[in-house]
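*Asks:* Protein chains in written order, with the working numbering: chain A, 4 to 374; chain B, 6 to 180.
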Amino acid sequence: MALNTEEMTLNMGPQHPSTHGVLRLELRLDGEFIVDVKSHIGYLHRCFEKHAEAMTYPQVVPYTDRMDYLASMYNEFGYALTVEKLLGLEIPERVEFIRVIMGELQRIASHLVALGTYGADIGAVTPFLFCFRDREKILSLFEMTSGARLLYNYIWVGGVARDLPPDFLRLTKEFVEYFKPKIKELNDLLSFNKIFIDRTANIGILPKDVAVNYGITGPMLRASGMKWDLRKDDTYSVYNKFDFDIPVGDGRMGTVGDSWDRYYVRILEMEQSLRIIEQAVEQIPDGDVSSAIPRRIKPPVGQVYGRVENPRGELGYFIVSDGSVNPKRIKVRGPSFVNLAIFGELCKGHMIADVIAILGSIDIVLGEVDR
Amino acid sequence: MTDKEIFEILKEKFGEAIIEFVEAQAGENYIKINPLEIDKVCAFLFSDTNLHFDSLVNLSGVDDANGEKKTEEDGSFEYIGGTLSVFYHLESTDKRHKITLGTTVEKDQPDVVSVTDVWAHANWHEREAFDLLGINFLNHPDLRRILMPYDWDAGHPLRKDYKDPEYYQGMKVPY
Numbered sequence: 004m005a006l007n008t009e010e011m012t013l014n015m016g017p018q019h020p021s022t023h024g025v026l027r028l029e030l031r032l033d034g035e036f037i038v039d040v041k042s043h044i045g046y047l048h049r050c051f052e053k054h055a056e057a058m059t060y061p062q063v064v065p066y067t068d069r070m071d072y073l074a075s076m077y078n079e080f081g082y083a084l085t086v087e088k089l090l091g092l093e094i095p096e097r098v099e100f101i102r103v104i105m106g107e108l109q110r111i112a113s114h115l116v117a118l119g120t121y122g123a124d125i126g127a128v129t130p131f132l133f134c135f136r137d138r139e140k141i142l143s144l145f146e147m148t149s150g151a152r153l154l155y156n157y158i159w160v161g162g163v164a165r166d167l168p169p170d171f172l173r174l175t176k177e178f179v180e181y182f183k184p185k186i187k188e189l190n191d192l193l194s195f196n197k198i199f200i201d202r203t204a205n206i207g208i209l210p211k212d213v214a215v216n217y218g219i220t221g222p223m224l225r226a227s228g229m230k231w232d233l234r235k236d237d238t239y240s241v242y243n244k245f246d247f248d249i250p251v252g253d254g255r256m257g258t259v260g261d262s263w264d265r266y267y268v269r270i271l272e273m274e275q276s277l278r279i280i281e282q283a284v285e286q287i288p289d290g291d292v293s294s295a296i297p298r299r300i301k302p303p304v305g306q307v308y309g310r311v312e313n314p315r316g317e318l319g320y321f322i323v324s325d326g327s328v329n330p331k332r333i334k335v336r337g338p339s340f341v342n343l344a345i346f347g348e349l350c351k352g353h354m355i356a357d358v359i360a361i362l363g364s365i366d367i368v369l370g371e372v373d374r
Numbered sequence: 006m007t008d009k010e011i012f013e014i015l016k017e018k019f020g021e022a023i024i025e026f027v028e029a030q031a032g033e034n035y036i037k038i039n040p041l042e043i044d045k046v047c048a049f050l051f052s053d054t055n056l057h058f059d060s061l062v063n064l065s066g067v068d069d070a071n072g073e074k075k076t077e078e079d080g081s082f083e084y085i086g087g088t089l090s091v092f093y094h095l096e097s098t099d100k101r102h103k104i105t106l107g108t109t110v111e112k113d114q115p116d117v118v119s120v121t122d123v124w125a126h127a128n129w130h131e132r133e134a135f136d137l138l139g140i141n142f143l144n145h146p147d148l149r150r151i152l153m154p155y156d157w158d159a160g161h162p163l164r165k166d167y168k169d170p171e172y173y174q175g176m177k178v179p180y
């Protein structure tokens, strides 16, 4: 009997539970092996860039929240820094410290979602619940500061919306002490679990030079063995005041740049974020947080590119000003958008089940891919 | 290396293709380059050992909102003529320098040569600039819409004079 040997096309998504949103993958299969993957995006396109052109500069801030909704604080942080760069504003030191504390808490919260859902994608549901339990504590800290759990509108151009509540620093210290042993718990439960390692080690290997050529940034680039972090390499805000390391992937369970490395770099980064938060809480100065907020923002004609190290990589804003109160153009260089572009290359030669393992390790947020 | 020094090197090597060094009133300066030679300039910036721009950080298309503005009675407007721009932010991860390139094309013939061969990163950004602004990237391997639906036939939404369509696939919008 003759066997059917032609290639098959299979659509995965847009309503697939493991795509973390509305992403459609067009798989070309040879049996169970991947020949090629095409990603079709745009299902969550909400015209952020077109909206922003009709807004004044401060009005854009809430829209930035809604791009990467798991790292809203950092989106606002990047936008505020870019507009301040265009205006040449000096920011009070207390504001910078508040922004760094918020940013690093957000990084831990975002990584907890990434790690938890990654485990759940592969079949380990318990760590997912552990991660969300701890993330909830960070969201409570955000809620007492800004009034919202996910979309904050807290970091404004020139300052922050309101000062920290009285108990915030004490509760943050308590959280840091609480969370340190939880990382070990997560390691014991998931990171060094034999089944988990078998599913992720040597899967989707990304070499360093290919990663740079594709513009990959963030934990994904560092997992490929490249020590590159904008907090150190193009430092902004007050990050140069703190002592912290940049963890990189070392191929401990397989090859440098495989899915397990991408997972484990995020665990190590959470430890470093805790170190930054500890130092920032100790050193935070007193001061007025709203003194530098401009009443009316009308930058001169010009253009600026500002960037920050968001939990997923380099988040850049390219702003063109025509001298009016509305931006002429805001282009967002979202790390999820850029990191997703290489996905097809990583999948080639692997099996269908590995597609999910690789996609989870990239950690995309479709809100930012589609904007 | 500063951007001024890099401009001098490029000017010497490529001559006419390097149009000018634009000093911005606020923010960043950039080097203006002929849109049909940009791929050669980028390939040189990438491969030269002293410059070694191994990373394309960002690529953005911009509608310059110039040209002759023609306003209709209902308040909608249209630009006759005018230009589109593309900006390239480059960085060298080992030499630690950065530079911004810019190029400008007429809306009537918005042809820019693709730099996808130099940096694979440019692929999706160029597709986005094509989709939202209608910039035509020559030699691009896969120039399709990316954020808008593939069957969107009402033009390019980030153009300043874009008008919402009345119908999409026979359905009236807004409903």
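All C-beta atoms, glycine included, are put in the ideal place defined by N, C-alpha and C.
Model, not experiment: these values are computed from the prediction.
Strictly under 7 Å for the Cβ-Cβ distance: is G80 of chain B near chain A by that measure?
*Replies:* Mapped onto the second sequence, residue 80 of chain B falls at position 75. No, because no Cβ of chain A sits closer than 7 Å to the Cβ of G80 of chain B.
*Asks:* Near T148 of chain A, what residues of its chain come up, given a Cβ to Cβ distance below 7 Å and the 5 sequence neighbours on each side ignored?
*Replies:* As a working note, residue 148 of chain A is residue 145 in the first sequence. Cβ neighbours of T148 of chain A beyond the five flanking positions: Y157, L167, P168, F171.
*Asks:* Of all the residues that make up the segment 90 to 106 of chain A, which are near chain B by a beta-carbon distance shorter than 9 Å?
*Replies:* Residues L90, G91.
*Asks:* What do you reckon, are the CB atoms on P61 of chain A and V179 of chain A nearer than 7 Å?
*Replies:* For the purposes of this step, residue 61 of chain A is taken as residue 58 along the first sequence, with counting starting at 1. For the purposes of this step, residue 179 of chain A is taken as residue 176 along the first sequence, with counting starting at 1. Taking 7 Å as the Cβ cut-off, P61 of chain A and V179 of chain A do not qualify as a contacting pair.
*Asks:* Helix, strand or coil, according to DSSP, for W231 of chain A in the structure here?
*Replies:* As a first step, residue 231 of chain A must be located in the first sequence, where it is residue number 228. Reduced to three states, the DSSP call for W231 of chain A is coil.
*Asks:* Just tell me which of A:F145, A:P65, A:P303 has its CA closest to the CA of L375 of chain A.
*Replies:* Residue 375 of chain A lies beyond the stretch modelled for chain A, which goes from 4 to 374, so this question has no answer here.
*Asks:* Expressed to the nearest angstrom, what Euclidean distance is found between the alpha-carbon atoms of P154 of chain B and G45 of chain A?
*Replies:* If you number the second sequence from 1, residue 154 of chain B lands on position 149. If you number the first sequence from 1, residue 45 of chain A lands on position 42. Going by the C-alpha atoms only, they are around 7 Å apart.
*Asks:* In the structure shown, what three-state DSSP assignment does E42 of chain B receive?
*Replies:* For the purposes of this step, residue 42 of chain B is taken as the residue at position 37 of the second sequence. Reduced to three states, the DSSP call for E42 of chain B is coil.
*Asks:* With a threshold of 6 Å (Cβ to nearest heavy atom), would I270 of chain A be considered close to the ligand ZN?
*Replies:* As far as ligands go, the structure on display features none, and thus does not contain the ligand ZN.
*Asks:* Locate the alpha helix (DSSP H) running through F135 of chain A, then write down its first and last residues.
*Replies:* Locating residue 135 of chain A in the first sequence gives position 132, where the first residue counts as 1. Note, F135 of chain A: alpha helix (DSSP H), 129 to 149.
*Asks:* Between H145 of chain B and E133 of chain B, is the Cβ-Cβ spacing less than 7 Å?
*Replies:* As a first step, residue 145 of chain B is located in the second sequence; it is residue number 140 there, counting from the start. As a first step, residue 133 of chain B is located in the second sequence; it is residue number 128 there, counting from the start. No.
*Asks:* Does the beta-carbon distance from G260 of chain A to I208 of chain A come in below 7 Å?
*Replies:* Position 257 of the first sequence, counted from the first residue, corresponds to residue 260 of chain A. Position 205 of the first sequence, counted from the first residue, corresponds to residue 208 of chain A. It is a contact, given that the beta carbons lie within the stated cut-off.
*Asks:* If you draw a straight line from the alpha carbon of K351 of chain A to that of E28 of chain B, how long is it in whole angstroms?
*Replies:* Position 348 of the first sequence, counted from the start, is the residue given in the question as residue 351 of chain A. Position 23 of the second sequence, counted from the start, is the residue given in the question as residue 28 of chain B. Distance between the alpha carbons of K351 of chain A and E28 of chain B is about 45 Å.
*Asks:* Expressed to the nearest angstrom, what Euclidean distance is found between the alpha-carbon atoms of A74 of chain A and G337 of chain A?
*Replies:* The residue you call residue 74 of chain A lines up with position 71 of the first sequence. The residue you call residue 337 of chain A lines up with position 334 of the first sequence. Their backbone Cα atoms lie some 12 Å apart in a straight line.
*Asks:* How many whole angstroms separate the CB atoms of A127 of chain B and V118 of chain B, which I take to be in contact at a CB cut-off of 8 Å?
*Replies:* For the purposes of this step, residue 127 of chain B is taken as the residue at position 122 of the second sequence. For the purposes of this step, residue 118 of chain B is taken as the residue at position 113 of the second sequence. At roughly 11 Å, the Cβ-Cβ gap does not stay under 8 Å, so A127 of chain B and V118 of chain B are not in contact.
*Asks:* Suppose contacts are defined by Cβ-Cβ distances below 7 Å. Is D71 of chain A in contact with V368 of chain A by that definition?
*Replies:* To locate residue 71 of chain A, count along the first sequence from 1; it is residue 68. To locate residue 368 of chain A, count along the first sequence from 1; it is residue 365. Result yes, Cβ atoms of D71 of chain A and V368 of chain A sit closer than 7 Å.
*Asks:* Could you name the residues of the same chain whose beta carbon sits closer than 8 Å to that of V178 of chain B, not counting the 5 residues immediately before and after it, in chain order?
*Replies:* What you label residue 178 of chain B is simply residue 173 of the second sequence in a count that begins at 1. These residues qualify, in order along the chain: D169, P170, E171, Y172.
*Asks:* Once the 5 residues before and after W263 of chain A are set aside, which same chain residues still bring their CB inside 7 Å of it?
*Replies:* By 1-based counting over the first sequence, the position of residue 263 of chain A is 260. These residues qualify, in order along the chain: I200, T203, A204, M256, G257.
*Asks:* Should D415 of chain A and I206 of chain A be called a contact, given that it needs their Cβ atoms to be closer than 7 Å?
*Replies:* What is shown of chain A runs 4 to 374, which leaves residue 415 of chain A out entirely.
*Asks:* Does any C-beta atom of chain A lie closer than 7 Å to the C-beta of L89 of chain B?
*Replies:* For the purposes of this step, residue 89 of chain B is taken as residue 84 along the second sequence, with counting starting at 1. No, L89 of chain B lies away from the interface with chain A (no Cβ there is under 7 Å from its Cβ).
*Asks:* Does the beta carbon of L143 of chain B sit closer than 7 Å to a beta carbon anywhere in chain A?
*Replies:* For the purposes of this step, residue 143 of chain B is identified with residue 138 of the second sequence, where counting begins at 1. Cβ-Cβ to chain A under 7 Å: no for L143 of chain B.
*Asks:* Consider the Cβ of V215 of chain A: report whether some Cβ of chain B lies at a distance smaller than 7 Å.
*Replies:* In the first sequence, residue 215 of chain A corresponds to position 212, counting from 1. Yes - at least one Cβ of chain B is within 7 Å of the one on V215 of chain A.
*Asks:* Give me the Cα-Cα distance between V215 of chain A and L224 of chain A, rounded to the nearest whole angstrom.
*Replies:* Residue 215 of chain A sits at position 212 when you count from the first residue of the first sequence. Residue 224 of chain A sits at position 221 when you count from the first residue of the first sequence. Roughly 8 Å between the two C-alpha positions.
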